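Residue numbers are given in the UniProt record's numbering: position 387 of the sequence shown equals residue 387, and the series is strictly consecutive. Notes for the one structure printed next.
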Amino acid sequence: MDLLYKGLVGILTIDTFFLIALGTIIGLVIGTIPGLTATMALALLVPFTFAMDALNGLVMLGAVYTAAMYGGAFTAILINTPGTPGAIATMLDGHPMAAKGEAERAIVGATVASVCGGVAGFVALLFLAPVLSLFALRFGPPEYFWVAVLGLALIAGLSTGSIFKGLLGGGIGMLLGTIGISPVGGEARFLFGTSQLQGGVELIVALIGLFAVPEYIRLTATAVRAVKPNENSKPQSLLSVTKEVIYKPINIIRSSIIGVIIGLIPGAGNNVAGLLAYSEAKRSSRTPEMFGKGSMEGLVASESSNNAAVPGSMVPLLTLGVPGSPPAAVLFGALMMHGLTPGTRLFTDSGVLTYGFIFSLGLAALALLPVGMIFGRLIFRAVTKVPLGFLIPTIAMMTILGAYSMRNSMTDVFIMVGVGIFGYVMRNFGVSPATIALGLILGPIAEQGFAQAMLIGRAYDYPFLVLLQSPLSITLAIIVAITLIGPFVMKVVRRKLNARKTILG
1 MDLLYKGLVG ILTIDTFFLI ALGTIIGLVI GTIPGLTATM ALALLVPFTF
51 AMDALNGLVM LGAVYTAAMY GGAFTAILIN TPGTPGAIAT MLDGHPMAAK
101 GEAERAIVGA TVASVCGGVA GFVALLFLAP VLSLFALRFG PPEYFWVAVL
151 GLALIAGLST GSIFKGLLGG GIGMLLGTIG ISPVGGEARF LFGTSQLQGG
201 VELIVALIGL FAVPEYIRLT ATAVRAVKPN ENSKPQSLLS VTKEVIYKPI
251 NIIRSSIIGV IIGLIPGAGN NVAGLLAYSE AKRSSRTPEM FGKGSMEGLV
301 ASESSNNAAV PGSMVPLLTL GVPGSPPAAV LFGALMMHGL TPGTRLFTDS
351 GVLTYGFIFS LGLAALALLP VGMIFGRLIF RAVTKVPLGF LIPTIAMMTI
401 LGAYSMRNSM TDVFIMVGVG IFGYVMRNFG VSPATIALGL ILGPIAEQGF
451 AQAMLIGRAY DYPFLVLLQS PLSITLAIIV AITLIGPFVM KVVRRKLNAR
501 KTILG
């Protein structure tokens with residue numbers, strides 16, 4: 001408790017509050033621009049922390065990471081393009097809300113949910129880090145495979161049309177994920193005679209293509225804004241929307257738990273967390289038909305989950321020395337450059353500094369409320385009032401800059417345009433771009449987990465049994481089976497109950 005107290009007191013300074021505010025603003029700006037990721041922002045800012053003491057440097061970097069995850073919600077809501085991969089699920093209900101004249105309500109709801117998720121993740125990191133780190137150690141290739149399969153099994157929940165179209169989109173995404181060099185065997189696949197595709201399709205580039213390019217085409221063709229201010233609506237107060245968000249606390253708690261768990265699994269990422277939480281919220285909702293049409297439940301599930309994943313990714317970093325996400329890997333380097341070695345001895349050798357950093361993540365989550373509200377309303381006014389002659393070229397510039405900045409390659413720009421045109425055509429046929437994105441995200445995780453598990457399984461008489469070797473993998477497999485079979489069983493049960501009511505009635 002003494003270390004906790006000293007860590008808290010150590011960050012209650014004017015300098016720390018200023019750095020949290022500065023980091024929050026920088027993170028919001030970076031997160032709002034599609035293609036500019038939290039990883040890029042942290043990598044660029046690490047050299048600027050050399051002149052600071054270790055705690056202040058980490059505080060600012062932590063605030064940037066936290067705010068960048070939240071900043072992706074703005075473009076997801078207002079221009080139907082996730083600023084970060086974690087905001088994919090946010091877009092599914094956030095943009096329909098904005099199209100109905102409820103953009104301000106969506107922004108306030110996303111802000112409140114992000115704060116709730118960030119605080120929940122902070123509490124888990126502060127009090128449960130040792131326990132959660134043991135859970136993270138249990139994840140091997142079979143467990144990664146089952147987590148990916150679980151996400152793919154929930155594809156139907158992201159499809160607003162038929163299940164077939166949802167599965168088709170997921171399959172297309174998985175095929176896109178196979179382009180390039182195999183992560184296990186090293187074979188070249190689907191290069192189409194060019195070495196430029198050896199690195200595969202970059203996720204951010206594909207996301208910009210799937211979501212930003214179709215919106216650009218629509219805006220150019222129709223010259224009609226998808227988001228308009230509702231002149232008849234009153235400004236959404238923080239209190240009224242907060243009541244609406246916390247009216248269903250189970251949704252926030254469940255989504256935050258999913259975010260923390262997925263965050264502490266190295267390589268899973270907050271994009272997976274948001275999609276899984278969204279699908280689970282839809283499955284558990286009393287009004288699942290409203291999802292994809294402007295449901296506050298879906299928006300809250302996505303934002304609370306992907307922001308809870310930020311502190312969650314700190315668990316394996318601080319306790320085991322294993323980064324849980326690409327931004328956490330940059331923070332790993334920052335810790336090392338400040339003379340701190342992440343791992344089991346970090347809490348004993350530098351306990352005050354470590355707990356100070358953890359407390360700063362909680363303060364950064366709280367800082368999203370005032371800064372995010374102001375920033376979000378400014379962007380909302382810009383999107384709704386800036387002339388289209390300026391807005392359309394700005395979107396085009398942002399998409400090209402975002403795609404090019406990933407690998408400094410024009411090939412990525414061409415890939416973005418190609419994927420965008422394809423996504424526009426598929427959207428017109430009723431295939432949700434979100435299902436394609438989910439297949440692209442989870443396909444490589446499932447492939448690598450399965451291939452590595454089979455390599456391990458060569459030591460056994462029945463290699464496939466390695467997928468069910470541990471209690472955790474068996475549990476995940478059972479959850480996958482329930483997810484796949486459950487909806488059909490429920491339909492049969494409901495049909496029989498309705499038939500019985502008809503006979504009795």
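A virtual CB, placed ideally from N, CA and C, is assigned to each residue, including glycine. Predicted model only: the values in this text are computed from it and were never measured.
Nearest to residue i (by Cα), restricted to the options the options
i	options	result
residue 380	47, 61, 79 and 64	79
residue 64	442, 28 and 54	28
residue 180	171, 170, 194 and 22	194
residue 197	67, 423 and 410	410
residue 142	485, 461, 452 and 484	452
residue 303	117, 52 and 20	117
residue 278	300, 48 and 261	300
residue 393	375, 252 and 212	212
residue 149	477, 51, 498 and 497	477
residue 93	434, 491 and 463	434
residue 252	280, 238, 344 and 266	280
residue 472	147, 361, 442 and 492	147
residue 216	396, 488 and 455	396
residue 50	335, 482 and 456	335
residue 47	190, 331 and 495	331
residue 388	90, 221 and 155	221
residue 445	104, 99 and 268	268
residue 337	494, 455, 371 and 43	43
Outcome for residue i when other beta-carbon atoms lying within 10 angstroms are tallied against a minimum of 16
i	result
residue 342	buried
residue 294	buried
residue 255	buried
residue 250	exposed
residue 209	buried
residue 108	buried
residue 292	buried
residue 368	buried
residue 363	buried
residue 176	buried
residue 490	exposed
residue 440	buried
residue 9	exposed
residue 188	exposed
Presumed contact (8 Å Cβ cut-off) between residue i and residue j, rounded CB distance
i	j	result
residue 82	residue 207	6 Å
residue 77	residue 106	5 Å
residue 137	residue 315	The Cβ separation is near 11 Å, so there is no contact.
residue 31	residue 54	The pair is not a contact, with the Cβ atoms about 25 Å apart (cut-off 8 Å).
residue 413	residue 404	5 Å
residue 170	residue 438	6 Å
residue 450	residue 145	5 Å
residue 436	residue 172	5 Å
residue 164	residue 178	Incorrect: roughly 21 Å between the Cβ atoms, too far for contact.
Under 8 Å between C-beta atoms of residue i and residue j
i	j	result
residue 415	residue 205	yes
residue 512	residue 39	The question about residue 512 has no answer, for the chain in this structure spans 1 to 505.
residue 355	residue 3	yes
residue 270	residue 121	no
residue 96	residue 424	no
residue 365	residue 123	no
residue 60	residue 23	yes
residue 480	residue 273	no
residue 264	residue 135	yes
residue 398	residue 88	no
residue 262	residue 199	no
residue 57	residue 402	no
residue 72	residue 84	yes
residue 239	residue 151	no
residue 448	residue 183	yes
residue 20	residue 41	no
residue 329	residue 259	no
residue 474	residue 468	yes
residue 127	residue 376	no
residue 420	residue 174	no
residue 248	residue 289	no
residue 129	residue 319	yes
residue 219	residue 431	no
residue 7	residue 352	yes
residue 103	residue 90	no
beta-carbon residue i near the ligand FMN non-hydrogen atom, thresh 7 Å
i	result
residue 331	Absence of the ligand FMN from the depicted structure is noted, as is the absence of any ligand whatsoever, leaving it without description.
**Message:** Restricting to runs no shorter than 3 residues, where is the beta strand (DSSP E) found entirely within the segment 363–437?
**Reply:** Runs of the beta strand (DSSP E) inside the segment 363–437: none found.
**Request:** Would you mind listing the alpha helix (DSSP H) stretches within the segment 75–129 that are 4+ residues and don't spill past its ends, in chain order?
**Result:** Counting only runs of 4 or more, we get 88–99.
**Continuous alpha helix (DSSP H) assignments of at least 4 residues falling wholly in the segment 160–245** = For the segment 160–245, whole alpha helix (DSSP H) runs of length 4 or above, ordered along the chain, are 163–177, 203–207 and 213–222.
**Message:** Please give the ranges of any alpha helix (DSSP H) in the segment 297–344, keeping only runs that are unbroken, at least 4 residues long and fully inside the region.
**Reply:** The qualifying runs are 326–337.
**Item:** Contiguous alpha helix (DSSP H) assignments of at least 4 residues, all confined to the segment 440–468
**Value:** Counting whole runs of 4 or more residues, the segment 440–468 contains no alpha helix (DSSP H) stretch at all.
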